[in-house]
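Structure first, then comments.
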Ligand code: ADP
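Residue numbers (UniProt numbering): 1 to 173.
Here's what the structure looks like:
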């Protein structure tokens, strides 16, 4: 079966996928934006698991991903990945952003997930130019799916009209 990529407008905390991805900070301590929304809706067990991961393995480097349960959310897992802060493109931000999508897909597959939802990583307070972020998001996922055959469905959950339109454009729709 061919994998599908959907692009929707909405709140990722409401999405029923095996895994939803959080645009986290390295400290995995929660924060604003999508990170805050996930911890708020999912409850304190997610933060407890994040703290344990940091205590055992240290902070999560940019581009890497870790997994926790999803607490009260409809998803089974939350994959926390750390997007790059936009610094003018001088700090390998494109590669780091692509790694977020790749590593999240691999981690989801390792945990038996068949569906995964992504927010627009780094396209909020981390300041990544939205059009470039959308391009990397869509094409990295499309390319990586050939290496993650267990993943049958990817949903890009956009929270604002601008990112939604940019993602649709990248998908050719
Ligand atoms: P980053 O620090 O990686 O830029 P942000 O949370 O600031 O992360 O923003 C990433 C994207 O997530 C932005 O496009 C923002 O509009 C979006 N976002 C915020 N809340 C939610 C939510 N509940 N569901 C989906 N996307 C969200």
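Every residue, glycine too, gets a C-beta built ideally from N, C-alpha and C.
- Task: Could you tell me the boundaries of the alpha helix (DSSP H) in which residue 153 lies?
- Result: Residue 153 -> not in any alpha helix (DSSP H); beta strand (DSSP E) instead, spanning 153-158.
- Message: Which complete beta strand (DSSP E) runs does the region 46-90 hold, if anything under 3 residues is left out?
- Response: 65-69 and 77-82
- Taking the alpha-carbon positions, what's the residue 50 to residue 68 distance? 7 Å
- Query: Around the C-beta of residue 122, are 16 or more other C-beta atoms found within 10 angstroms, so that it is buried, or is it exposed?
  - Reply: buried
- Message: Would the region 107-124 count as touching the region 156-163 if we require 3 or more Cβ pairs under 8 Å?
- Response: yes
- Query: What is the rounded straight-line gap between the Cα of residue 5 and the Cα of residue 58?
  - Reply: 33 Å
- Query: Apart from the five residues on each side of it in sequence, which residues of its chain come closer than 7 Å, Cβ to Cβ, to residue 140?
  - Reply: 98, 101 and 102
- residue 75 and residue 136: beta carbons closer than 7 Å? no
- Item | Candidates 132, 78, 60 and 63, of which the one nearest residue 89 by Cα | 132
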